[in-house]
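Trainee:
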Amino acid sequence: MARRISTGRLGQPLDSLGEFIAAQRRQAGVSLRQLAESAGVSNPYLSQIERGLRRPSAEVLQQLAKALQVSAETLYVRAGLLDPQEQPAPAADGVSTVPAAVLADRLLTGRQKQIILDVYDSFVDAARSRAASTPAAATPPAAGTATATSTTTTTTEQE
31 MARRISTGRL GQPLDSLGEF IAAQRRQAGV SLRQLAESAG VSNPYLSQIE RGLRRPSAEV
91 LQQLAKALQV SAETLYVRAG LLDPQEQPAP AADGVSTVPA AVLADRLLTG RQKQIILDVY
151 DSFVDAARSR AASTPAAATP PAAGTATATS TTTTTTEQE
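Using the working numbering, the first residue of the sequence shown is number 31, and each one after it goes up by one.
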């Protein structure tokens with residue numbers, strides 16, 4: 031009996047999405063039931079997604095990505111919602127890829143990723159504040175270095 035393969039908006043088979051999710055789940059050592067609970071979906075629904083029988087919404091994909099500690103963009107591409115050739119344009123300051131890289135790093139735990147992103151966001155906010163208040167926007171690196179050291183030290187001590 032031939033199995034019908036659903037496709038995403040860009041024509042990519044949804045089977046590859048389900049297989050990818052199942053592989054990531056197994057690699058993380060998580061049961062189907064545990065992943066379903068973490069992502070806030072039912073066990074049968076997740077099973078259908080893994081078998082390529084159901085097409086999850088972008089919101090469900092985001093929850094699965096968070097639970098599996100992979101980037102949502104990866105799942106969006108696998109689901110055919112994003113074109114893999116379409117890369118987001120970097121911001122003028124070149125920092126837009128940093129959060130994506132942190133979130134995609136499989137060696138970091140969820141807590142470590144959150145800490146890194148919090149510290150990163152605080153630096154970006156501080157830089158934007160300095161740029162807004164200083165017409166030349168040329169701040170000596172030493173001013174931000176002391177803050178970075180104390181923030182990193184404080185964060186590390188909390189772990």
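Every residue, glycine too, gets a C-beta built ideally from N, C-alpha and C.
Do Arg55 and Leu62 have their CB atoms nearer than 8 Å?
Mentor: yes
Trainee: Here's the rule I'm using: 16 or more other beta-carbon atoms within 10 Å means buried, otherwise exposed. How should Arg136 be labelled?
Mentor: exposed
Trainee: Decide if Arg108 is buried, meaning its Cβ has at least 16 other Cβ atoms within 10 Å, or exposed.
Mentor: buried
Trainee: Count the other C-beta atoms from every protein chain shown that fall within 10 angstroms of the C-beta of Glu103, then say buried if there are 16 or more, exposed otherwise.
Mentor: Taking a 10 Å sphere around the C-beta of Glu103, we find 16 or more other C-beta atoms and assign the residue as buried.
Trainee: Using a Cβ-Cβ cut-off of 6 Å (strictly less than) and excluding sequence neighbours within five positions of Phe50, which residues of its own chain qualify?
Mentor: Same-chain partners within the cutoff: Arg108.
Trainee: Quick one: what does DSSP say Gln99 is sitting in, helix, strand or coil?
Mentor: coil
Trainee: Could you give the first and the last residue of the continuous alpha helix (DSSP H) run that contains Arg85?
Mentor: Taken as a continuous stretch (DSSP letters only), Arg85 belongs to no alpha helix (DSSP H), as it is neither H nor E.
Trainee: What residue from Asp151, Gly110 and Leu111 has the CA that sits closest to Gln130's CA?
Mentor: Note that residue 130 is Ala in the sequence shown here, rather than Gln. The candidate whose alpha carbon is nearest that of Ala130 is Asp151.
Trainee: Determine the closest residue to Glu80 out of Ala52, Ile146 and Ser72, with distance taken between C-alpha atoms.
Mentor: Ala52
Trainee: Among the candidates Ala162, Thr164, Thr139 and Asp148, whose CA atom is the shortest distance from the CA of Ala58?
Mentor: Thr139
Trainee: Could you give the distance in angstroms between the alpha-carbon of Leu65 and the alpha-carbon of Leu133?
Mentor: Inter-residue distance for Leu65 and Leu133 is about 18 Å (C-alpha atoms, whole angstroms).
Trainee: Under three-state DSSP, which class holds Thr104?
Mentor: DSSP places Thr104 in helix when its eight states are reduced to three.
Trainee: If you run the structure through DSSP and keep just helix, strand and coil, what is Asp155?
Mentor: helix
Trainee: Evaluate Pro114 with the Cβ neighbour count: other Cβ atoms within 10 Å of its Cβ, from every protein chain shown; 16 or more gives buried, anything less gives exposed.
Mentor: exposed
Trainee: Between Arg141, Leu112, Val149 and Gly110, which lies nearest to Val128 when the distance is taken from Cα to Cα?
Mentor: Val149
Trainee: What is the C-beta distance between Leu91 and Leu105, in whole angstroms, given that I count them as a contact (C-beta under 8 Å)?
Mentor: 4 Å
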